[in-house]
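Let me begin by presenting the structure, written as structure tokens, before commenting on it.
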Ligand SMILES: [Zn+2]
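Protein chains in written order, with my numbering: chain Z, 47 to 383; chain W, -16 to 766.
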């Protein structure tokens, strides 16, 4: 029996080394341990064994069975492992290769600043209104206290379509249209494209964007204007910024201001961005001129107002460190991304 | 206005540095454009007298000068042959520093030692450009420090003058302002001759756009060179010296802000008649150009001959020439609006018209004329009776402006003490009276901008200091901020499109009409920058396409862009502008995903428009369309409630190439955002019942190419209530499919709201739609 046993194990080992896949192994397994297998035959042989040796014989067959099963199990593990490895090789990736990116489109910086500006003022209680870009001279100039022969018209070189139509030179015309439609109190903001006949260069564009605010109530003063603009500047550029009002002139406001914020680049110490002044000019503002209120039928004794106009490009250029305004209109993907 | 601090010191004293001055101007008055320093580093330039000139032995174009520089003589070799013995000239000696830090050293010129160089006014930064060595007219001792003596060192502060502040277009006005805003003190007018109003020369005003006309005569003047101090001061204002008479009129204009004119008395006849021009009449002005009158101009004549266009420019024939002996001086006031109309009409802008348009002081004729006479007699040696004809039919009185203290505070938004406010009014030098409520103020006539109370509020608060006003939120009405739905709507659309990898752009609203290959614009600018920016675009997508082209030409083949902006139209009701969504794309759908090889296609673009419609619950129909410049095979119009609201599709390759130099497919879409907004509805969530399980089935059909998926979908949905949705799984055309067929695989979802469906239920419905599809020639695809 012992001899027989060694032979069986040897044969099994010989057979098993050639096996490559689970199916073949199953066949071998059946040959040895299956119902018609070698082990079964050996077990059946027990009847021809001397009765006193039967117990021993049985134990030997069982230990043989165990040994066979061990060998097969080991082989099974081995094959499984190698098959998994093969599978892995098939699905092997270069873990360092570039990711397959799906990119989101970018917001245009002008639109981004415009949307952020709206956000700031709607949170302060202002309502968004929109206006047309083709405007009538009365709304763009006359109603805004700039009669036809006023030298202030020279401040804005205007594109005309015909005698009665022009491309708005500022969003301020929206102020007039709003006041003619609504009774005070009023708090509105508006933004959009504006046009001036400027040659296109690093700081000028024949088309640009303004953001406009108008606030009309019974008691409106310079301090209120200062506060609104301070909130805007701090939300837009940073909470430490200071705001400085300086005298300026726009026909539709009195007093009129040019508004500086402390330099966002140096914080006010002086640098090339602020030309060593510590301040950067960002917008124009003022208290609504009584003539404008009269022009829309409001009693200036009863109502007062403030208004401001912000150059979106200027804000975008400062905020994102753009030195040439033309970049904003080239729509170059290398710049956008 | 360029302010020379050296010149300004004639009218006001200040101890402040130019930096401090600039700060004060910016805080209280106006913007400062530039600060220029002139001659700060100049040294070793002296006055020299040329005693002897000899020829250079070896060079025809050089001469050798023996020059007295006070304690010694030096030898200067020069190429400027305009110098003569006896001339007094500026000499830059060894070690001298000139403009642009140019250093002078002794050197040999063609073998002869030169101990320095003669200077022109350009080299000492007085003039932009000089022709020759400057010859000093004044009697100055040789050896005198040229820079010191002629006050060449200067700082020039250029301020912005707002259109409402004509007073700041003059030195006296600026000096007064600087006294008020605290830059200096002891403001004073320059010396002037007392003039009495007495008929000196006949003047008749027939045009009431001339409110005042004063005339005086200076006789026996000597036309000649202007003293260097005046040449230099005029140069700081950018005015080139012409001769002493013309220079004096310019100088007085800059001092007083009041433009004046000088006529050659012997050329103008026996009287001045101010009257309107005759339409069609042609006149010759000092710029040697002929102008045809429109009949509205105010003319200065002698009754029959034209002499000058009042307030704008003198006539060629009546002007000062080298032979002028006697001069008629004009100090007048012309109506701002009429001056502006005439100047605009003739496209002339002069220093004079610029000031008259903004309003000069009608009340300063005595000072201005007196100053002119003083300078003319002192500098040009003229004689004057000190009388002037003064025609001033209706006095322009000072305005009376009431200002209540309460109003001042309510506008300023801070406590300004009453005494402090009054102190400021006093500083301006305005007449005023105290009232119970505040003041009545009578500003000077040189401040036409001060008209009503609010103007005085500005004057007082800006001098008080805006920096002293605290920032406070208003405490009045509480407003409910509203984002405006249309604005939010557009932002949402932008977000959806960006989510598909499209970049938002901003492009110009105007363009060249030759680049409009489909819709053409009817809206043209009267005064465009150039043909490139002449027409307002009738399609927003034109602008997006330009940007696609720009990127493509810069080696970027994968470009996906969009813009939401106005397009412009014109119809019988006038101009219309419509907010539109414009999309254009070429190249890869996902350029940064190398595992996705797909190009942009009709379907990828429609994916975006479909998502927009779904987001806003809009039912849109796509209808094949034949559009100019687009390929019918891949172009559709988009309809909502039977109205066309836009289109999408593929541009004809010839157009892409010709107009945009793009050799690949370009897909575009343009949708009317306003109509879209009108049709948008809130999402109706309640019809989505998902309580019971659904059954999904997949069907592959062979479809005749002219049939449309829209019809197939309709048949599915109408075949039974249990059909919840139909979605395309795959569309295939190509290998294995006849060219007149297309293979469409769809997934249908079946669900009942009240029970679990059985296969039988679905089979029954299936039979119905399969039957209908068969009628249309649509069958299952055979595997
Ligand atoms: Zn800085």
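Don't be surprised by glycine CBs; every beta carbon is placed ideally from N, CA and C.
Inset, instruction - For the segment 312 to 346 of chain W, enumerate the residues whose C-beta is nearer than 7 Å to any C-beta of chain Z, in chain order. - result: So the list reads 320, 323, 324, 340, 341, given in the order they occur along the chain.
Legend entry - In chain order, each beta strand (DSSP E) run of at least 3 residues that lies wholly inside the segment 207 to 248 of chain Z: The qualifying runs are 211 to 213, 232 to 241.
Inset, instruction - Starting from residue 114 of chain Z, follow the alpha helix (DSSP H) in both directions and report where the run begins and ends. - result: Counting along the chain, the unbroken alpha helix (DSSP H) around residue 114 of chain Z starts and ends at 97 to 136.
Legend entry - Endpoints, beta strand (DSSP E) assigned at residue 34 of chain W: Residues 26 to 38.
Inset, instruction - Answer yes or no: do residue 295 of chain W and residue 257 of chain W have a C-beta to C-beta separation smaller than 8 Å? - result: No, these two residues do not count as a Cβ contact at 8 Å.
Inset, instruction - Kindly examine ligand 1 and report whether one of its heavy atoms sits closer than 7 Å to the Cβ of residue 369 of chain Z. - result: No, Cβ of residue 369 of chain Z sits at least 7 Å from all heavy atoms of ligand 1.
Legend entry - residue 107 of chain W - containing alpha helix (DSSP H), residue span: Neither: residue 107 of chain W is in no alpha helix (DSSP H) and is coded neither H nor E.
Inset, instruction - With hydrogens ignored, establish whether the beta-carbon of residue 224 of chain W is closer than 7 Å to any heavy atom of ligand 1. - result: No; taking the cut-off as 7 Å, the Cβ of residue 224 of chain W has no heavy atom of ligand 1 nearer than that.
Legend entry - With 16 other Cβ atoms within 10 Å as the buried cut-off, status of residue 590 of chain W: Counting Cβ neighbours within 10 Å, residue 590 of chain W comes out exposed, since fewer than 16 surround it.
Legend entry - C-beta contact flag for residue 14 of chain W and residue 143 of chain W at 8 Å: Annotated as proximal: residue 14 of chain W and residue 143 of chain W, with beta-carbon spacing under 8 Å.
Legend entry - Contained beta strand (DSSP E) runs [length at least 3] in the segment 263 to 336 of chain Z, N- to C-terminal order: Whole beta strand (DSSP E) segments, 3+ residues: 289 to 294, 299 to 308, 325 to 334.
Legend entry - residue -2 of chain W, buried or exposed, once every other Cβ within 10 Å from all chains shown has been counted against 16: Classification for residue -2 of chain W: exposed.
Legend entry - Where residue 445 of chain W meets chain Z, residues with beta-carbon distance less than 8 Å: Correct list: 293, 301.
Legend entry - Where the beta strand (DSSP E) containing residue 162 of chain Z begins and where it ends: Looking at the DSSP string, residue 162 of chain Z is not in any beta strand (DSSP E); the run it does join, the alpha helix (DSSP H), is 155 to 169.
Legend entry - N-terminal and C-terminal residue of the alpha helix (DSSP H) that residue 380 of chain Z is part of: That run of the alpha helix (DSSP H) goes 379 to 382.
Inset, instruction - Mind listing the chain W neighbours of residue 152 of chain Z? Cutoff is C-beta to C-beta under 8 Å, in chain order. - result: Going along chain W in sequence order, the residues near residue 152 of chain Z (Cβ under 8 Å) are 481, 486, 487.
Legend entry - Listed by chain order, chain Z residues near residue 850 of chain W by CB distance under 8 Å: This structure gives no information on residue 850 of chain W, because the portion of chain W shown stretches from -16 to 766.
Legend entry - As assigned by DSSP and simplified to three states, the class of residue 77 of chain Z: The DSSP-derived three-state label of residue 77 of chain Z is helix.
Legend entry - chain W contact for residue 250 of chain Z (CB, 8 Å cutoff): For residue 250 of chain Z, the answer is no, since every Cβ of chain W falls outside 8 Å of its Cβ.
Legend entry - Identity of the residues DSSP links to residue 237 of chain W by a beta bridge: Looking at the DSSP assignment, residue 237 of chain W forms no beta bridge with any residue, so it has no partner.
Legend entry - Limits of the unbroken beta strand (DSSP E) element including residue 713 of chain W: First-last of the beta strand (DSSP E) with residue 713 of chain W: 706 to 715.
Legend entry - Inter-residue Cα distance where the pair is residue 462 of chain W and residue 441 of chain W: Roughly 28 Å separates the two Cα atoms.
Legend entry - Range covered by the beta strand (DSSP E) that runs through residue 56 of chain W: It spans 56 to 61 - the beta strand (DSSP E) in which residue 56 of chain W sits, taken as one unbroken run.
Legend entry - Buried/exposed call for residue 182 of chain W, threshold 16 Cβ in 10 Å: By the C-beta density criterion, residue 182 of chain W is exposed, having fewer than 16 other C-beta atoms within 10 angstroms.
Inset, instruction - Measure the alpha-carbon distance for residue 244 of chain W versus residue 134 of chain W and round it to whole angstroms. - result: Answer to the nearest angstrom: the Cα atoms are 28 Å apart.
Legend entry - heavy atom of ligand 1 below 7 Å from residue 328 of chain Z C-beta: Not one heavy atom of ligand 1 falls within 7 Å of the beta-carbon of residue 328 of chain Z.
Inset, instruction - Report the rounded CA-to-CA distance for residue 105 of chain W versus residue 214 of chain W, giving the unit in angstroms. - result: Inter-residue distance for residue 105 of chain W and residue 214 of chain W is about 12 Å (C-alpha atoms, whole angstroms).
Legend entry - Short Cβ contact (8 Å threshold) for residue 216 of chain Z with residue 180 of chain Z: Taking C-beta atoms as the reference points, residue 216 of chain Z and residue 180 of chain Z fail to come closer than 8 Å.
Inset, instruction - Determine the direct distance from the alpha carbon of residue 29 of chain W to that of residue 98 of chain W, and round the result to whole angstroms. - result: One C-alpha to the other measures close to 13 Å.
Legend entry - Host beta strand (DSSP E) of residue 170 of chain W (start-end): For residue 170 of chain W, no beta strand (DSSP E) run applies, since DSSP gives it neither H nor E.
Inset, instruction - Using three-state DSSP, classify residue 316 of chain W as helix, strand or coil. - result: Strand.
Inset, instruction - Output yes if chain Z places a C-beta closer than 8 Å to the C-beta of residue 549 of chain W; else output no. - result: Closer than 8 Å to some Cβ of chain Z, the Cβ of residue 549 of chain W qualifies, so yes.
Inset, instruction - Could you give the DSSP three-state label for residue 298 of chain W: helix, strand or coil? - result: Collapsing the DSSP output to three states places residue 298 of chain W in a strand.
Legend entry - Beta-carbon gap between residue 278 of chain W and residue 259 of chain W smaller than 8 Å: Taking 8 Å as the cut-off, the beta carbon of residue 278 of chain W is found closer than this to the beta carbon of residue 259 of chain W.
Inset, instruction - Note the first and the last residue of the continuous alpha helix (DSSP H) segment covering residue 8 of chain W. - result: For residue 8 of chain W, the enclosing alpha helix (DSSP H) stretches over residues 1 to 11.
Inset, instruction - Whole angstroms is fine: what's the gap from residue 686 of chain W's alpha carbon to residue 138 of chain Z's? - result: About 41 Å.
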